[in-house]
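This report concerns only the one structure given below.
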Amino acid sequence: MTSNSFQMGGSGFGNDKAPSTGSGEGDFSNDPASNSFFSENFKRHEDLKAMLDGNKDNLKLDAMKRIIGMVAKGKDASDLFPAVVKNVVSKNLEVKKLVYVYLTRYAEEQQDLALLSISTFQRALKDPNQLIRASALRVLSSIRVLMISPIMMLAIKEAVMDMSPYVRKTAAHAIPKLYSLDPESKEQLVEVIEKLLGDKTTLVAGSAIQAFEEVCPERIDLIHKNYRKLCNLLVDVEEWGQVVIVGMMTRYARTQFVSPNQDGAVEDGKNFYESEEDEEMKDEEDNDEPKKKPYIMDPDHRLLLRQAKPLLNSRNASVVMSVAQLYFHCAPKSEVGVVGKALIRLLRGHKEVQYIVLSNIATMTVARKDIFEPYLKSFYVRSSDPTHIKLLKLEILTSLATETNISIILRELQTYVTSTDKEFAAATIQAIGRCASNIAEITDTCLSGLVHLMSNRDESVVAESVVVIKKLLQMQSTGKGRKMSTEHKDIITHMAKMVDEITVPMARASILWLIGEYSERVPKIAPDVLRKMAKSFITEEDIVKLQILNLSAKLCITNSKQTRLLCQYVFNLAKYDQNYDIRDRSRFLRQLILPAEKGPLAKHAKKILLATKPAPVLQSKFEDRDQYQLGTLSHILNNKTTGYKDLPEWPEEAPDSSVRNVEVPVPQVTSSKSGERKKPTKERGFYSESESSSEDEDDSDEDSEDSDEDEEEDSDEESEDETDESEESEEEEDSEDSDVPQKNSVPPKTSAPKKAVKVEKSESEEEEESSSEEESSSEQSEEEKPPPKSKASKKKPAKETKTAPQNNADLLLDLDLFGSSNGVSSGGGAVLTPSMASAMGNLSLSGTSASSSSNFVQPMNVPLKSYELLNRMTGKGLGITYKFTRTISVFSPKMVSIELTLTNHGDNQLSGIKIGKKTVQPGMEIQDFPEIASLGNGASTSVLMAINFNDTTQPAKFEICTLEQAFSVSITAPVGELLQPHTMGLQDFTQQQGKLKGMTENTGKVKIPKEKTDAKSVVTSVITVANMLQVPSSETDTVYRFAAKTMSEGVLVLVSVSVEEEAANIIVNCEKMVIGTMLLKDLKSLLAKS
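Numbering of the sequence shown is given in my numbering, commencing with residue 2 and proceeding in unit increments.
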């Protein structure tokens, strides 16, 4: 113990100190030589170096943590580089990660030492751990040596093909670094960027676009093929990636689409609140000018706005601001209002965020007051606001002032005038002047108020009031020639009396200018004011001296008898003034007013000096900032900064939109093969969702040897029924290619066979959509899957149809309600409009219409759309699709019934398939489907589950689990699937619709093809979009009414569609405004397509 103490004590004066803490501050605390002359210590961090040189990983890890802590605090740790870089080969994963973090920070400063380890970095690029691979690439790109650019290029190209999206993201970050180091490698980097832009991973998208923006922003052709993918991925990309993508998309939209705010433009079916009169007026203008084509928004333009809109709810202020500028620069004026509420929400954030947001709002309010008028109170100034925030809010309040709200704003401004903040109080007086100049009705009121402020104790308030009064008087006198009212004369007299009291130079100068300009109105006071000013001329400020010269010159012209000598006296004083501006002004005015020899100018002295002056323009300082893109540094500084790119102007004609089309293998609807049946066309009416409708029949006949006898009998009966159907509906066979099938009137005797046939074929159609294998084999295996009990339930209604046609609707509803014994819904492919049986109990089902004077359409089958829940590639062989069955759920009437079809495309059997962890919004609920014990190779099964969406379109997120792994999926219900049909009469409908007016009513107008204006087409379109029930009516007009209630809360939803020639007026009434708006949008979209 003694020897150790002795050794430590004798180790030298400079070493007698506590161990290094890593901060660098305690290293000299015990050192007598640690002063300004001896601050250099060559043995700093010796303990850290010793720990890094040791063999124990725990000591190395501790040392690295302390070193990274130093770096995080901004301390210089560069002298530890040699000791740290040696540990890049450490086998300890945690140590290696921290080493790479350190090297990324100091590789650029210590290039020579970093180059010695470059082979180690190259080997790390092949490391099994993705974090190590990414860190190695990050360090490699941080070494700023041109010599290794080929190595960096090779590493980036390999990283782009890496299986890990994190490594690909790092590669995207390395591209701009290499480009700044070696600009000649741009062509190769563009090829790499093109590959990254095609990446479907959300983690990579934002970084790829950032690399694109820094390396080749002019290569807009690289975006075409990826445009729609980027729009769809936008919601799931990380926040800073969203900012980059939205910024790039703003420039893209300005170059690829035409302006949605053209003069006389009509947005086809996109403006929710456009009145009929406005549309008729625009149509008349189009007729007068046939050269102008009506504006129709490009679907890709609409896609961008629709996908960006949810980001307004982002927690990141930068994301919200970027979407706001996108809407401001690229959206129709009628839709820009949605950004108002989102930007107001940001005002609750930090002061720095408030400043940026308020600056952008100030610019927006100059052009569009209506966006923020509803949120006027949000811009009221708080006592806790800093001055720069107060001034911005004051600017916005002034811009928002209108005849309707000016009284509220003036009351608010009156309280601001008494503020202890002098700068803010002065700005408030200027704001009052702006309001008075913009709104003529309140000018006199503001003038009288400002005159009262002239008696204020605060000199700065008085001075600012004088300046503003001077501008207002000048504006009013300019508008009325040179005549001034008696009230204005009294104001000038009152101000002249205050010359001795006011000491602020600008205020004194304003008073002198007013007296000189309107000296004819105050002939007795003006000479006396000049006399006082001449006495104090030498002590006045320069701006006041100039106005004294002007006053003396004007009075010498209008009242030379009294003021000529005073004028000469002032000119003589100014002749020897120190300021050359004042000396020059006096010489000029002397020759003009008191010339020795009258020249040509002297004759016109009165016209020159007393000419009518243009009224001053009181405008916002943000008036000219719209030249810069919102949300940019240039906009905040009102000056073009380095790297800023001007926002492109809209093209007069839109470029070719086909460049954004991407060829994707999608099943196509084709006609049946020739010679298969009696009729050459094999259309299946409402069930022609894919080309498998005809191929199923071939497979059921040609491959009958591979199926059992029962299956063969089923397929024969189905083919016969199909032949009968095609004969009866021959006249409507042209609806095959339309989005919404047009068979609306179907005799009841064929309803049940259709139902049964579709049940047999629906699973094979789903199999065809989700699999790229041979269709015949997959369909054959699908037909063999359902158990015999299920087949019996399907065949029964088909046989009973001929003997009891009046019961087929009830039978079909029973099938939909209870399903088969194994949980598979029998309504897999199509569904009878719900509650039709009860609503139509006393109506005939045998005719094509209820009566000759009614527009009611018979119950019909509507195809159920299939959605992909889990792709077979993502699901490692497990593919899942789902449909909304539109039946009452057996679990709860508030739940939406959903049929899942699970198919095993893999080589191995899947076991224990069930729903795992659930992540849902408050109020939502998920009912699991029964666990599937096993699913063999190539096998498929269907199960029922139910979800209570709580009347929202928020996604229900959950996991599909097998014994081996779990897959995260989500189901989002279209707004039309959140409804259940509601039976009501015409009188009740009219009464309820009358109650739901105002904000609960959404109206729209859409053009529809002439051949699709019949009752069947319109009703089919509405029922396809929403699960509703038509209201029976005996009217002969073309008004179709539908009623439903929301599943969860039972809120009434009413829809009425009136058809006039080739246009349809749609009215949606619902207390839930979101549901009403979204339902109207979907209806307009489908009716326009139909």
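Ideal Cβ placement from N, Cα and C applies to all residues, glycine included.
Predicted model, so just to flag it, every value in this text is computed and none were measured.
Asked: The segment 1006 to 1015 touching the segment 944 to 953, judged by at least three CB pairs closer than 8 Å; Found: no
Asked: Closer than 6 Å: A363 CB and nearest the ligand GTP heavy atom; Found: You won't find the ligand GTP in this model; it holds no ligand whatsoever.
Asked: Proximity of T171 and L138 at Cβ, strictly below 7 Å; Found: yes
Asked: Residues that DSSP places opposite N1003 in a beta bridge; Found: V1069
Asked: Stretch pair the segment 424 to 436 + the segment 466 to 480: three plus CB contacts closer than 8 Å; Found: yes
Asked: Distance, L53 Cα to E195 Cα; Found: 43 Å
Asked: Range of the contiguous beta strand (DSSP E) that encloses T1047; Found: 1040 to 1047
Asked: Exposure of L234, with buried meaning 16 or more beta-carbon neighbours within 10 Å; Found: buried
Asked: Coarse secondary structure for S91, derived from DSSP in three states; Found: coil
Asked: Other residues of its chain near P649: CB distance less than 7 Å, five sequence neighbours each side excluded; Found: R252, R255, T256
Asked: Reduced DSSP category for Q988 - H, G, I as helix; E, B as strand; rest coil; Found: helix
Asked: Short Cβ contact (7 Å threshold) for A940 with N909; Found: no
Asked: Residues that I881 bridges to, as DSSP identifies them; Found: L871, L903
Asked: Expected contact under 8 Å - CB spacing of N1070 and S1059 to nearest Å; Found: About 14 Å separates the two Cβ atoms, so there is no contact after all.
Asked: Nearest-angstrom Cβ-Cβ length linking T886 and S867, presumed shorter than 8 Å; Found: Not quite, the Cβ-Cβ distance comes to about 12 Å (not below 8 Å), so this is no contact.
Asked: Inter-residue spacing [alpha-carbon to alpha-carbon] between I972 and L945; Found: 14 Å
Asked: Of the listed residues L1055, K998, K1090, nearest to E1063 (C-alpha basis); Found: K1090
Asked: Whole-number beta carbon distance between D48 and T364, since they are thought to touch under 8 Å; Found: Their Cβ separation, rounded to whole angstroms, is 57 Å, which puts T364 and D48 out of contact at 8 Å.
Asked: Three-state secondary structure (DSSP) of R483; Found: Any reading at R483 must be qualified, since the residue scores a pLDDT of 43, below 50, and its modelled position is unreliable; the value itself is stated next. Three-state result, R483: coil.
Asked: Same chain, Cβ closer than 8 Å to S772, neighbours up to 5 away in sequence not counted; Found: Because the pLDDT at S772 is just 39, under 50, the model does not fix this residue reliably, and the value given afterwards should be weighed accordingly. S779, R873, G880, T904, H906, listed in sequence order.
Asked: Between the CA atoms of E521 and D529 - distance to the nearest angstrom; Found: 14 Å
Asked: Contact belief for K97 with I133 at Cβ below 8 Å, rounded distance in angstroms; Found: 6 Å
Asked: DSSP state of N862 mapped onto helix, strand, coil; Found: strand
Asked: With 16 other Cβ atoms within 10 Å as the buried cut-off, status of Y328; Found: buried
Asked: Counterpart residues of P524 in DSSP-defined beta bridges; Found: According to DSSP, P524 bridges with nothing at all.
Asked: DSSP three-state assignment for G828, whether helix, strand or coil; Found: Only weak support is given to the placement of G828: the predicted model assigns it a pLDDT of 40, under 50, and the question is left unresolved by the model.
Asked: Where E1061 sits in the DSSP three-state scheme; Found: strand
Asked: Status (buried if at least 16 other CB within 10 Å, exposed otherwise) for S323; Found: buried
Asked: Residues bridged to N949 (per DSSP); Found: E926
Asked: Cβ separation of P177 and V216, assumed to be a contact under 8 Å, to the nearest whole Å; Found: 6 Å
Asked: Alpha-carbon spacing of V921 relative to Q928, whole angstroms; Found: 12 Å
Asked: N-terminal and C-terminal residue of the beta strand (DSSP E) that P615 is part of; Found: Premise fails: P615 is in no beta strand (DSSP E) and is neither H nor E.
Asked: Cβ distance (whole Å) where I390 is taken to contact Y356 below 8 Å; Found: 6 Å
Asked: Terminal residues of the beta strand (DSSP E) in which V970 lies; Found: 967 to 972
Asked: 7 Å Cβ cutoff met for I157 and I210; Found: no
Asked: Spatial distance of E624 from H636 (CA atoms); Found: 12 Å
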